[in-house]
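Taking mature numbering (1 follows the signal peptide of the UniProt record, and there is no 0), I'd label the letters of the sequence shown as residues -35 to -1, 1 to 128. Think of the CB as a built atom: it goes at the ideal place given N, C-alpha and C, for glycine as much as any other residue.
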Amino acid sequence: MHAKILASTLASCLAVPVALTGASLVLLAPAQADAAVSDATCRIHAVEATETGDGTIPKDLGFLKDQLEAPEFARYKSFRLLESKDFKLTLNTVVEERFKSGHSVKLSLLGGDKDKLELSTDLMRSGTSLVNMNFSMRSNQIVLIPVRRSDSMVIFAYQCKAG
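In structure tokens, the structure reads:
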């Protein structure tokens, strides 16, 4: 019997920390490790990939070298940065930018925290949606979305961070 009383007393003490201050009762909840994010910045690079060339990756694309040398891009021998666009995102607001390649990108912040963002994108050309998806990415991670364009490919490299 003594063990049952001790166990129930211990369990009640561990369940929810409570502090009594004067006549009021205050529940102490664990602090949230990461606060929800309300804004983010993203840079999207449009990169043209073609099958002719010497396979050299230009210096301005050095930050994508590992990804562009991956097996899925092995058939492409030339890479050229077409342009980069900056997106300033606020929660649940769609931002749209048009690229010289003829594509437009709609991007919105769905939520997340300082280390991991939840985003929605709609990559379009001539009013037709080519890729429409929700995705999560770590802060400063690079996510590649390739789309075909006649005899080449345009690779959209997304890089985002909270704040």
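Taking the Cα positions, Gly128 is about 31 Å away from Met118. Nearest Cα to Leu74 within the set Lys65, Ser66 and Leu56: Leu56. If you look at Gln124, you'll find it isn't in any alpha helix (DSSP H); it sits in the beta strand (DSSP E) that goes Ser117 to Ala127. For the pair Arg8 and Arg113, the Cα-to-Cα distance works out to about 21 Å.
Under the DSSP assignment, Lys53 falls in the beta strand (DSSP E) whose first and last residues are Ser43 to Thr55. A distance below 8 Å separates the beta carbons of Asp87 and Lys71. For the options His68, Asn99, Gly67 and Gln106, the alpha carbon positioned closest to that of Asp80 is the one of Gln106.
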